[in-house]
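Q:
Residue numbers (full-length UniProt numbering): 1 to 300.
Here it is in structure tokens:
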């Protein structure tokens, strides 16, 4: 591959250079101001709301080690709406993208590849979500059409240069796909497990608390319905994924409770901000209420 292909995220880092540069906690003289004697600085790059939680789950594993200083940055992406507000609400220590591209780090953690070639650090590439199970649509992908998202050269190389120092994958079954789509990345691929599964497993003791928060009546099972962005997806195809035309919602509601949660990109590319509490309720709220379904914002 001689360069970036259609379907890869464009390098739009210059649009994110409005934050004031900070001398602390990142920079040549930052160490002298820190309370703990840190030995390594890790950059957590968050491209979208869809990947924010996955990056935070990975960073959480580093928190007990006081030798590591973690700083966040909003990385370039077409669906970057809500990221900066999310990082601030999470109390993340953040620097601007332009400063991040001019600072040396010991490691970068990111779940997307947009602009990562500009960062001066080895990249630990983590999964975009639950495994890698999404094919690029022909209408959108160009040379990336029909590839499994995140496991091909458009995401893992830049002008022929392999980008990740370590590619964390969830299962052995991912490796044959990687071998066919980007064989040069096999040498850096490591099976580490699935952070999404770990999060679900650790949350099992809170099952009843979640059911109460989601208003699931006793005796019913909760069915979660999601939709990503794009006109061919369930939300766009029907506008109301829980309308009477939806096969899933024709099942009797006496046994099931429905909860629709669109991916953040579906609202970021839509008619309102993903951070606005009313986003989406205007679009599908009335029909979901008619069949007993609920609406959950992309982030809860």
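Even for Gly, the Cβ is constructed at its ideal location relative to N, Cα and C.
Between which two residues does the alpha helix (DSSP H) harbouring residue 178 extend?
A: Start at 1 with the first residue of the chain shown, and residue 178 comes out as number 178. Residue 178 -> alpha helix (DSSP H) spans 174-181.
Q: Can you round the beta-carbon distance between residue 70 and residue 62 to whole angstroms, since I take them to be within the 8 Å contact cut?
A: If you number the chain shown from 1, residue 70 lands on position 70. If you number the chain shown from 1, residue 62 lands on position 62. 6 Å between Cβ atoms; contact.
Q: Rounded to the nearest angstrom, how far is the Cβ of residue 92 from that of residue 111, given a contact under 8 Å?
A: Here residue 92 is taken as the residue at index 92 of the chain shown, counted from 1. Here residue 111 is taken as the residue at index 111 of the chain shown, counted from 1. At roughly 15 Å, the Cβ-Cβ gap does not stay under 8 Å, so residue 92 and residue 111 are not in contact.
Q: According to DSSP, is residue 160 part of a helix, a strand, or is it coil?
A: Here residue 160 refers to the residue found at position 160 when the chain shown is read from its first residue. Reduced to three states, the DSSP call for residue 160 is coil.
Q: Between 74, 32, 25, 24, which lies nearest to residue 47 when the distance is taken from Cα to Cα?
A: The sequence position of residue 47 within the chain shown is 47, counting from 1. When only C-alpha atoms are compared, the closest one is 74.
Q: If we count Cβ pairs, one from each stretch, closer than 8 Å, do we get three or more for the region 143-157 versus the region 179-198?
A: With a cut-off of 8 Å, the region 179-198 and the region 143-157 count as touching, because enough Cβ pairs lie within range.
Q: Could you name the residues of the same chain whose beta carbon sits closer than 6 Å to that of residue 66, not counting the 5 residues immediately before and after it, in chain order?
A: Indexing the chain shown from 1 puts residue 66 at position 66. Contacts found: 36.
Q: Which of the three DSSP states, helix, strand or coil, is assigned to residue 49?
A: Walking along the chain shown from the start, residue 49 turns up at place 49. Of the three classes helix, strand and coil, the one that applies to residue 49 here is helix, per DSSP.
Q: How many angstroms separate the CA atom of residue 77 from the CA atom of residue 94?
A: Numbered from 1 along the chain shown, position 77 holds the residue referred to as residue 77. Numbered from 1 along the chain shown, position 94 holds the residue referred to as residue 94. Cα-Cα distance, rounded: 17 Å.
Q: For my contact list, residue 153 and residue 167 are in at a C-beta cut-off of 8 Å; report their separation, rounded to the angstrom.
A: Position 153 of the chain shown, counted from the start, is the residue given in the question as residue 153. Position 167 of the chain shown, counted from the start, is the residue given in the question as residue 167. Rounded, the Cβ-Cβ distance is 13 Å, inconsistent with contact.
Q: Can you tell me whether residue 208 sits near the ligand MN, meaning its C-beta is under 7 Å from at least one heavy atom of the ligand?
A: Although the ligand MN was asked about, the structure shown includes no ligands whatsoever.
Q: Which one of 165, 41, 161 has the shortest CA to CA distance from residue 104?
A: As a working note, residue 104 is residue 104 in the chain shown. The residue with the shortest Cα to Cα distance from residue 104 is 41.
Q: DSSP state of residue 209, grouped into three classes?
A: Residue numbering aside, residue 209 sits at position 209 when the chain shown is read from its first letter. Looking at residue 209 - three-state DSSP - the assignment turns out to be helix.
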